[in-house]
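One structure is given here, and the rest of the page talks about it.
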Amino acid sequence: MPEPSPSLSTLKSTAVVSGSFLSGAMITLSTITVPVLLDTTTHPPQLLHQWVRTYHYGHISLPTISIATAILYFYIAACQSSRSKPWRRAALVGVLTVIMVPFTWVCMSPTNDVLFGLQRESQIRGLNQTQIEGFGDGNATGAGIEGDVATLEGVTELVVRWGWMHLVRSLFPLAAAVVGLGICV
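The numbering of the sequence shown is my numbering, which starts it at 205 and goes up by one.
What follows is the structure, given as structure tokens:
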């Protein structure tokens, strides 16, 4: 006997919960992680490295959760439509959930690109300085060297800008979760 498919109400609840989780995870990056990085980092290359690693780990899971949640909402919309029931709200919620991806491409990519470029240049300069000062033995840290690729104030400004844009981006899945509650009734 085949396994019964999950009920539509279960899928609706799952979509709202996953969208809420997504928004919460994203908001904590802007409201907790970025402030901690800014409060505890005094050297531009370190701040750049920490931002790149934060971005890396967020990029692994958050877009995937966004797309999976949107697919759930689009599936719900298709099921509702095939049953001649209201479906537009579920489709709208799917769009609201996944719109963070093009928002990233259009609004955040310039700042991301600058931060990634500064981190790469900082890493290259740090490696070169280590080889010069440490004679290639890898013992020098390159910390505090003259000629950092950017000032702490400049990098801080970029990370703060990124944090605000990320907070705005986090509001899309939050709005989707709130509107999505309406399809659960």
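Cβ atoms here follow ideal geometry from the backbone N, Cα and C, with glycine treated the same way.
Remember, predicted model here, so these are calculated numbers, not experimental data.
Terminal residues of the alpha helix (DSSP H) in which residue i lies
i, result
"Pro377", "356-385"
"Thr218", "212-232"
"Val389", "Premise fails: Val389 is in no alpha helix (DSSP H) and is neither H nor E."
"Val240", "238-244"
Check whether residue i and residue j have beta carbons under 9 Å apart
i, j, result
"Asp317", "Pro249", "no"
"Ala294", "Lys216", "yes"
"Thr273", "Leu226", "yes"
"Met312", "His370", "yes"
"Thr301", "Leu362", "no"
Burial state of residue i, where buried means 16 or more other Cβ atoms lie within 10 Å
i, result
"Gly367", "buried"
"Ile280", "buried"
"Pro264", "It should be pointed out that residue 264 corresponds to Ile in this sequence rather than to Pro. Exposed, since its Cβ has fewer than 16 Cβ neighbours within 10 Å."
"Ile387", "buried"
"Gly384", "buried"
"Val359", "buried"
Straight-line Cα distance separating residue j from residue i
i, j, result
"Pro306", "Met230", "16 Å"
"Leu378", "His247", "34 Å"
"Gly321", "Leu276", "36 Å"
"His253", "Ser224", "29 Å"
"Glu357", "Ser234", "18 Å"
"Val220", "Ala380", "8 Å"
"Thr308", "Leu242", "22 Å"
"Arg257", "Ala354", "18 Å"
"Val364", "Met304", "19 Å"
"Ser285", "Gly228", "30 Å"
"Gly340", "Gln323", "Residue placement at Gly340 is poorly supported in this model, since its pLDDT is 39, which falls under 50; the coordinates still yield a value, given next. If you take the alpha carbons of Gly340 and Gln323, they lie about 21 Å apart."
"Val372", "Gln327", "30 Å"
"Thr218", "Ile269", "12 Å"
"Lys289", "Thr237", "42 Å"
"Gly348", "Trp291", "Because the pLDDT at Gly348 is just 44, under 50, the model does not fix this residue reliably, and the point stays unresolved."
"Pro239", "Ser374", "16 Å"
### Task
At 4 residues or longer, and completely inside the stretch 276-325: list those alpha helix (DSSP H) runs for me, N to C.
292-302, 304-307
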